[in-house]
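For the sequence shown, my numbering assigns the number 4 to the initial residue and increments by one for each residue that follows. Have a look at the structure below before the remarks.
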Amino acid sequence: MQIKVGDKIENITLPSIDDSIFEYKSVKGKKILLTFYRFAACPMCNLRINELIKSYDSFGDNFTHIAIFDSSLDNLKRFTNRHNAPFPILADDKFQYFKKYDVKRSFLVFLWSQIIRVNRQIKAMLKGYIPWAFNGYISTLPVDVLINEEGIVSQVKYAKDLSDHIPIKNIQEFTSD
């Protein structure tokens with residue numbers, strides 16, 4: 004089932020790169036950006052994580068990002084530990100929440116994204132985000148979900164390409180309300 008505005012996200016329980024087991028209920032009462040990303044070495048995904056970290060202070064104290072990757076925990080640690088992210092980065096190697104929330108995959112969109120987002124791909128690779136290992140689906144399209152303090156979905160974006168996300172400016176507006 005696709006996530007819709009007005010929905011409540013049920014508990015998510017997944018392993019985190021900090022070796023804990025993350026439970027969604029642990030962030031209850033915060034504004035949340037929940038994102039489903041591709042595989043751990045995805046250049047555009049890691050660039051997005053980098054951009055969120057750089058802007059993180061502008062989102063305020065009552066905010067967290069939950070990053071869910073289609074990856075094994077070991078592989079995820081290998082590619083994301085360097086971020087030192089102030090938010091949970093989670094491994095869903097069984098693709099269970101991707102399936103539950105109808106996260107799409109499209110090989111044609113993957114190919115198209117390589118053309119229309121070539122500047123972003125180059126920027127990511129220049130930052131050192133090289134896809135050395137493909138552990139997970141390469142054709143997964145990201146999903147961003149903004150969730151208010153009551154746990155209600157305020158905005159959802161099922162991406163049209165590999166780098167299609169809710170803009171940072173929109174997240175800042177959401178967290179300042």
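Just so it is clear, CB atoms sit at the ideal spot from N, CA and C, and this is done for glycine as well.
Could you check if residue i is buried or exposed, using at least 16 other CB atoms within 10 Å of its CB as the buried criterion?
| i | result |
| --- | --- |
| Val-121 | exposed |
| Arg-85 | exposed |
| Met-4 | exposed |
| Asp-77 | exposed |
| Leu-145 | The residue asked about is misnamed: residue 145 is Pro in this sequence, not Leu. Classification of Pro-145: buried, given that the 10 Å Cβ count is 16 or more. |
| Leu-114 | exposed |
| Leu-111 | exposed |
| Lys-34 | buried |
| Ile-6 | buried |
May I ask which residues mark the beginning and end of the beta strand (DSSP E) holding residue i?
| i | result |
| --- | --- |
| Lys-7 | No beta strand (DSSP E) holds Lys-7; DSSP gives it neither H nor E. |
| Glu-141 | According to the sequence displayed, residue 141 carries Ile and not Glu. It is not in any beta strand (DSSP E) - Ile-141 carries neither H nor E in the DSSP assignment. |
| Lys-34 | 34 to 40 |
| Leu-92 | For the sequence presented, residue 92 should be read as Ile rather than Leu. Segment 92 to 94, the beta strand (DSSP E) holding Ile-92. |
| Phe-72 | 66 to 72 |
With distances taken between CB atoms, is the gap from residue i to residue j smaller than 8 Å?
| i | j | result |
| --- | --- | --- |
| Ile-12 | Ile-150 | yes |
| Phe-137 | Ser-157 | no |
| Ile-141 | Phe-42 | yes |
| Val-160 | Asp-147 | For the sequence presented, residue 160 should be read as Lys rather than Val. In contact: Lys-160 and Asp-147 (Cβ atoms closer than 8 Å). |
| Phe-101 | Thr-38 | no |
| Ile-20 | Thr-83 | yes |
| Tyr-40 | Phe-72 | yes |
Tell me where the alpha helix (DSSP H) around residue i begins and ends.
| i | result |
| --- | --- |
| Ala-127 | 121 to 129 |
| Leu-165 | Segment: none, Leu-165 is in no alpha helix (DSSP H) and carries neither H nor E. |
| Glu-152 | Premise fails: Glu-152 is in no alpha helix (DSSP H) and is neither H nor E. |
| Ile-133 | Ile-133 -> no alpha helix (DSSP H), and no H or E assigned at all. |
| Phe-177 | 171 to 179 |
| Phe-62 | Segment: none, Phe-62 is in no alpha helix (DSSP H) and carries neither H nor E. |
In whole angstroms, what is the alpha-carbon distance linking residue i and residue j?
| i | j | result |
| --- | --- | --- |
| Phe-62 | Trp-135 | 32 Å |
| Ser-109 | Gly-139 | 13 Å |
| Lys-163 | Tyr-132 | 22 Å |
| Ser-179 | Asp-167 | 22 Å |
| Arg-171 | Ser-58 | It is Ile, not Arg, that sits at residue 171 in the sequence shown. Approximately 8 Å between the Cα atoms of the pair. |
| Leu-50 | Phe-98 | 22 Å |
| Ala-88 | Gly-9 | 28 Å |
| Asp-22 | Asp-64 | 23 Å |
| Leu-79 | Asp-96 | 10 Å |
| Phe-25 | Leu-17 | 5 Å |
| Leu-93 | Lys-31 | 17 Å |
| Tyr-27 | Met-47 | 25 Å |
| Glu-152 | Leu-36 | 11 Å |
| Phe-127 | Ile-52 | Note that residue 127 is Ala in the sequence shown here, rather than Phe. Ala-127 and Ile-52: Cα-Cα distance of roughly 11 Å. |
| Gln-124 | Ser-29 | 34 Å |
Mind checking who residue i pairs with in its DSSP beta bridge?
| i | result |
| --- | --- |
| Ser-19 | Leu-93 |
Looking at the C-beta of residue i, does it have a partner C-beta in chain D at a distance below 8 Å?
| i | result |
| --- | --- |
| Asp-77 | This model lacks chain D altogether, as it is built from one protein chain only. |
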